[in-house]
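Per the numbering used here, residue 27 is the first one in the sequence shown, and the count goes up by one each step.
Using N, Cα and C, we set each Cβ at its ideal position, and we do this for glycine too.
Working notes, beginning with the structure itself.
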Amino acid sequence: MAVTIKSEKEIERMREAGRLLAIVHEELGKAIRPGMTTKDIDRLGEEIIRSFGCVPNFLHYNGYPASICVSVNDEVVHGIPSKKRYLEEGDIVSLDAGLIYKGYHSDAARTHAVGQISQEAQKLIDVTRQSFFEGIRFAKAGNHLHDISNAIASYVEQFGYGIVEDLVGHGIGTHLHEEPEIPNFHQKSKGIRLQPGMTLAVEPMINMGTKDVEWLDDDWTVVTADGALSAHYENTILITEGEPEILTLPR
Ligand code: MF3
Ligand code: CO
27 MAVTIKSEKE IERMREAGRL LAIVHEELGK AIRPGMTTKD IDRLGEEIIR SFGCVPNFLH
87 YNGYPASICV SVNDEVVHGI PSKKRYLEEG DIVSLDAGLI YKGYHSDAAR THAVGQISQE
147 AQKLIDVTRQ SFFEGIRFAK AGNHLHDISN AIASYVEQFG YGIVEDLVGH GIGTHLHEEP
207 EIPNFHQKSK GIRLQPGMTL AVEPMINMGT KDVEWLDDDW TVVTADGALS AHYENTILIT
267 EGEPEILTLP R
């Protein structure tokens, strides 16, 4: 499937899908506390998504068994919620969520502190979030896709963190994953030329140690190979002639 350019009507639906997902993340962020289970987060997230009359797009996607990906500490992404996994003071937890509004998908992720966390962990979270914003400074018509990738990589490298290469961002629209793939590490090629009406999920996944990751036996949970912490930050954005519109932040 080729890269799609959304019409104004489609963009309106993407905006609404994004606006509602921003509310889901705000509510989940407020709910995070030590003692809750990762399944509690999934239940709450699904409930909020359905209260909007929307559908959680991750549920049953390639067999994924939940609505929210909940990844704790060394888990990078795609952690499966469990009623046996309790959040503890000092953990960091990455929440990845998405929904479908009138056929259009949104996708966003945040990493939260559970209670008080170390300065090192907070810095990882902050740098990961900032790397998204450094990347999307280049997300405008006329630039190339890999300008975003290279900007993310150049920013993150200064801190000596590992940039995950085995998972990437993606186009998004009537499908959760559309072309193009959006790497977060340095690219030699320029990538496609960005055009107004493209909608992209930009999602740096950053490790405190090595960039290398492994898959657990549940076939989903991605963990750091060295057991060090990992953070994730993602928004769905719209390419315009000027500044990109970030669809999944609170309006
Ligand atoms: N945000 C994730 C991504 O872009 C989607 C989770 S995959 C799922 O890859 F299977 F859990 F839905
Ligand atoms: Co995504």
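Which residues bound the alpha helix (DSSP H) around E42? By 1-based counting over the sequence shown, the position of residue 42 is 16. Its alpha helix (DSSP H) spans residues 34-57.
Beta-carbon spacing of I162, P230 below 7 Å: The residue given as residue 162 occupies position 136 in the sequence shown. The residue given as residue 230 occupies position 204 in the sequence shown. The answer is no: Cβ separation not under 7 Å.
Cα-Cα, which of G124, D68, G116, V103 is closest to H203? Residue 203 sits at position 177 when you count from the first residue of the sequence shown. Closest option to H203, judged by alpha-carbon separation, among G124, D68, G116, V103: G124.
Helix, strand or coil: how does DSSP classify T64 here? Here residue 64 corresponds to residue number 38 of the sequence shown, with the count starting at 1. Residue state, collapsed to three classes: helix.
Over what stretch of residues does the beta strand (DSSP E) that includes A134 continue unbroken? To locate residue 134, count along the sequence shown from 1; it is residue 108. Taken as a continuous stretch (DSSP letters only), the beta strand (DSSP E) holding A134 covers 130-139.
Is A48 near ligand 2 - that is, is its Cβ less than 6 Å away from at least one heavy atom of it? Along the sequence shown, read from residue 1 onward, the residue named residue 48 stands at position 22. The answer is no for A48.
Length of the line joining the Cα atoms of V102 and V248: Residue 102 sits at position 76 when you count from the first residue of the sequence shown. Residue 248 sits at position 222 when you count from the first residue of the sequence shown. C-alpha separation (whole angstroms): 5 Å.
What residue ranges within the region 195-262 form continuous beta strand (DSSP E) runs of no fewer than 3 residues, ordered along the chain? 195-197, 204-208, 225-228, 231-233, 239-241, 248-250, 256-258
By DSSP, does E271 sit in helix, in strand, or in coil? For the purposes of this step, residue 271 is taken as residue 245 along the sequence shown, with counting starting at 1. Judged by DSSP in its simplified three-state form, E271 adopts strand.
Given that a residue counts as buried once 16 or more other Cβ atoms are within 10 Å of its Cβ, and exposed if not, what is D122? Position 96 of the sequence shown, counted from the first residue, corresponds to residue 122. It is buried - the Cβ of D122 has at least 16 other Cβ atoms within 10 Å.
Beta-bridge partners of S97, as assigned by DSSP: Against the sequence shown, residue 97 aligns to sequence position 71. DSSP, once it has assigned bridges, lists S120 as partnering S97.
Given 6 Å as the limit, tell me if E229 has its C-beta closer than that to any heavy atom belonging to ligand 2. For the purposes of this step, residue 229 is taken as residue 203 along the sequence shown, with counting starting at 1. Correct: E229 has its Cβ closer than 6 Å to ligand 2.
Cβ pair F164, I174 closer than 7 Å: In the sequence shown, the residue the question calls residue 164 occupies position 138. In the sequence shown, the residue the question calls residue 174 occupies position 148. For F164 and I174, yes; Cβs fall inside 7 Å.
For chain D, check one thing: does any of its Cβ atoms lie closer than 7 Å to the Cβ of E271? The chain inventory of the structure shown lacks chain D, comprising one protein chain alone.
Per-residue DSSP class, three states only, for V190: Within the sequence shown, numbered from 1, the residue matching residue 190 stands at position 164. Judged by DSSP in its simplified three-state form, V190 adopts coil rather than helix or strand.
When DSSP labels each residue in this structure, what does H170 get in the three-state scheme? Translated into the one-based positions of the sequence shown, residue 170 becomes position 144. Three-state result, H170: strand.
Where the alpha helix (DSSP H) containing E146 begins and where it ends: The sequence position of residue 146 within the sequence shown is 120, counting from 1. Here the alpha helix (DSSP H) through E146 covers 145-162.
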